[in-house]
Each structure stands twice: as structure tokens, then as C-alpha cells.
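First residue of the sequence shown? That's 1 in UniProt numbering, and the numbers climb one at a time after it.
Data first, discussion second: the structure below is written as C-alpha cells.
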Amino acid sequence: MGRRGGRFWPADAGGAIVVNPGSVGQPRDGDPRASYTVIDAEKSSIELYRVKYDVDKIIGKLRALGISSPHIMEPQTAGETRYSRAPTPPEAASMEPA
1 MGRRGGRFWP ADAGGAIVVN PGSVGQPRDG DPRASYTVID AEKSSIELYR VKYDVDKIIG
61 KLRALGISSP HIMEPQTAGE TRYSRAPTPP EAASMEPA
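Set out below in C-alpha cells:
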């Protein structure tokens, strides 16, 4: 699975399956939680998860290190980012499958 425009899509890279759960900090789907994937080869399963994290704390630590890049996003409210205006899903809870 890959990710295109905030949506998952199957991807085949020369016989390998590509899994891209997304990123942290610049959500394209309006969900500000970090995303990650757990692959269980024995069960042939792929689970997609979302995890809440303290955006303000991370930005503060980066600034304390002297990192002031324009790529550091100011925290948004109600799940909005400069890339997406979709609200955070109400079921947005820590360690929930996506």
C-alpha cells in the first residue's frame, strides 16, 4: 500500500509490496496523529495505526535546538493543517487502527 493524497493505494515495486502509512507533522488527510504500520509476515497481515503526540512539545524542542526552518509547521486546531481542512475524526484515539 502506498499513500497518495491521504488515501492508501496498493503499490507493486518489482514484486515487492510497498507500504507507506504516511508521515508525522504534515497530514494530508486532516488527521494530525502520527501514522505507522505493523506488518506480521506470519499472519500475512498489515495493520495501520494512528497515535496522538504532543505537537507543541516537539515544535518547542526543535526551536530550542535552534531549528527555525519554515518547514516547521505551526500547530493547527481542530485537526486542520495548511494542506487539509478536514476535521480530526471523532474516533481519533491513541493506538487505534486507522
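No residue lacks a Cβ here, since even glycine has one placed at the ideal position from N, Cα and C.
Where does Gly-22 land, buried or exposed, given buried means 16+ other C-beta within 10 angstroms? buried
CA-to-CA distance, Ser-45 to Lys-57, given in whole angstroms: 33 Å
Could you have a look at Asp-54 and say whether DSSP puts it in helix, strand or coil? coil
Can you check DSSP and say which residues form a bridge with Glu-47? Val-38
Enumerate in chain order the residues of its own chain whose CB-to-CB distance from Val-38 is below 6 Å, with the five nearest sequence positions on each side excluded. Glu-47
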